[in-house]
Amino acid sequence: MFSEETFPFLSAFFHFKCYGTPTSTLQQSLDLSSKVLNLVVGKFPLLRGIVNKLKQGIQNVRNIQIKDEEIASLEPKMLELMPRVSKVVNNPSLLNRVGLKGSLAILSGFNKLGAILPADERAFKAKVKAKGVTAIIAPAISEISRLENTLGL
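Residue numbers (the working numbering): 1 to 153.
Below is the structure:
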């Protein structure tokens, strides 16, 4: 079998990289988001309560069964967002640049994310049943992207 490792010169002509499935991309995004939340609590301890609720919202996403075809249309946005989130995880000092205006943006963004991804498991499941997985994850991705743009990350 040809692979990029076996024949590195072929990578100039063919793309052998496989990013996985949409659900694995979602799991990677959730992992990165959880790491950023931990960093935010380290920088802004007063946000611990809202961060814990967001972590529960993330756990609720992890706990539901999601099919690749349900979120396949969101994968490009997740892949676009992941390097920006990774940048914060790999350079936590970026959060040191966040001033009062940025702190307020974080608080506002986290409140919006909390409304999108309820911490209460029953409320979350009811929302998924009523709207569908994509209708919940897409606004969360948009809000994270908006928050990163506001903070200049």
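Positions of the beta carbon are idealized from the N, C-alpha and C atoms, including for glycine.
Shown here for Pro118: same chain residues with a beta carbon closer than 8 Å to its own, the five before and five after excluded, namely Gly57, Asn60, Phe124 and Lys127 in chain order. Residue burial annotation: Ile64 is exposed, with fewer than 16 other C-beta atoms found within 10 angstroms of its C-beta. Contact annotation: Ala105 and Leu151 have beta-carbon atoms nearer than 8 Å.
Secondary structure of Asp120 (DSSP, three-state): coil. In this structure, the alpha-carbon of Glu70 lies about 19 Å from that of Met82.
A straight line joining the alpha-carbon of Leu26 with that of Leu100 spans about 31 Å.
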